[in-house]
Amino acid sequence: MTDTLKNILDDLCGKNELISVYVDPDDWGRFSVGYVDKVTETHVRLRAISPFGEDAGFEIRPLSEISKIERDGKYEAKIENLRHNRGHVFTEINPDSQSSGNLIEDTLKQSHRDRAVIVLWGHDPDDSLTGYVEALGTEIVSIRLINEFGENDGVATMKLDEITSIDFNTRDEQVRKFLFDAG
Numbered sequence: 010m011t012d013t014l015k016n017i018l019d020d021l022c023g024k025n026e027l028i029s030v031y032v033d034p035d036d037w038g039r040f041s042v043g044y045v046d047k048v049t050e051t052h053v054r055l056r057a058i059s060p061f062g063e064d065a066g067f068e069i070r071p072l073s074e075i076s077k078i079e080r081d082g083k084y085e086a087k088i089e090n091l092r093h094n095r096g097h098v099f100t101e102i103n104p105d106s107q108s109s110g111n112l113i114e115d116t117l118k119q120s121h122r123d124r125a126v127i128v129l130w131g132h133d134p135d136d137s138l139t140g141y142v143e144a145l146g147t148e149i150v151s152i153r154l155i156n157e158f159g160e161n162d163g164v165a166t167m168k169l170d171e172i173t174s175i176d177f178n179t180r181d182e183q184v185r186k187f188l189f190d191a192g
């Protein structure tokens with residue numbers, strides 16, 4: 010790490026500014042999010058924040074492994090928004106106890122009725138749709154897509170018999186719903 014990154018961390022120490030610290034230039038998915046709590050000659054300590062805006066303890070990272078620092082980005086703004094609205098983000102919805110025998114269709118109907126965000130997977134396990142059920146027919150479903158920042162991302166329609174799995178109102182989907190409704 011260069012002195013410049015250490016200087017940035019020194020400047021941020023105690024300022025309560027949310028940052029993302031990346032520790033693997035080959036894997037941008039490896040990062041920590043939090044507030045700089047302490048900086049030494051060899052390490053930084055972050056007061057960590059979870060992807061849901063909740064306190065997540067402390068993370069200590071070697072300065073020598075830090076390859077990038079991000080701040081004031083969409084991701085950090087999203088986490089700050091969730092953090093400031095703790096207690097208002099998550100709402101449990103319990104699935105109906107009565108089933109028609111088709112859990113996929115039952116869940117789609119309840120998602121549409123309760124305006125719950127869902128994730129649909131088809132036969133390609135790497136591709137999913139996340140959003141609200143906008144319309145449900147006898148053979149197709151249309152989903153109002155919501156991206157990770159709670160932004161409208163268009164509408165996708167898929168055949169019901171292509172759906173293999175559904176996530177219903179998990180914490181990730183509740184975050185998207187909160188951000189979408191707040192936006």
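The numbers in the numbering used here rise by one with no breaks, and the one at position 109 of the sequence shown is 118.
Note that CB positions come from ideal geometry on N, CA and C, so glycine has one too.
Assigned secondary structure, residue i (DSSP; H/G/I helix, E/B strand, else coil)
i, result
"K2", "Only positions 10 to 192 of the chain appear in this structure, which leaves residue 2 out of reach."
"S73", "helix"
"R39", "coil"
"N16", "helix"
"T116", "helix"
"R180", "helix"
"A65", "strand"
"N94", "coil"
"H132", "coil"
"R194", "Outside the shown range of the chain, which is 10 to 192, sits residue 194, and nothing can be said about it."
"E85", "helix"
"D162", "strand"
"E79", "strand"
"E143", "strand"
Member of the options whose CA lies at the smallest distance from the CA of residue i
i, options, result
"V126", "T13, M167, D190 and E85", "D190"
"R185", "E171, D46, R39 and G159", "G159"
"E182", "T166, K168, N156 and E171", "N156"
"D123", "L112, Q107, H132 and N103", "N103"
Span separating the alpha-carbon of residue i from that of residue j
i, j, result
"D19", "F61", "26 Å"
"V128", "G23", "38 Å"
"T179", "R56", "25 Å"
"W37", "L27", "18 Å"
"Y44", "E89", "11 Å"
"V98", "L72", "34 Å"
"D105", "K87", "31 Å"
"D46", "G163", "40 Å"
"I152", "A65", "33 Å"
Cut-off 6 Å between Cβ atoms - residues of its own chain near residue i, not counting five sequence neighbours on either side
i, result
"V48", "L18, D19 and C22"
Contact set for residue i: own chain, Cβ-Cβ below 7 Å, skip 5 residues either direction
i, result
"R92", "I58 and G62"
"S137", "V128, L129 and W130"
"T173", "W130, G131 and H132"
Beta carbon proximity, residue i to chain B, threshold 8 Å
i, result
"V184", "The structure shown contains no chain B, having only a single protein chain."
**Contact the segment 140-148 vs the segment 66-81: 3+ CB pairs below 8 Å** = no
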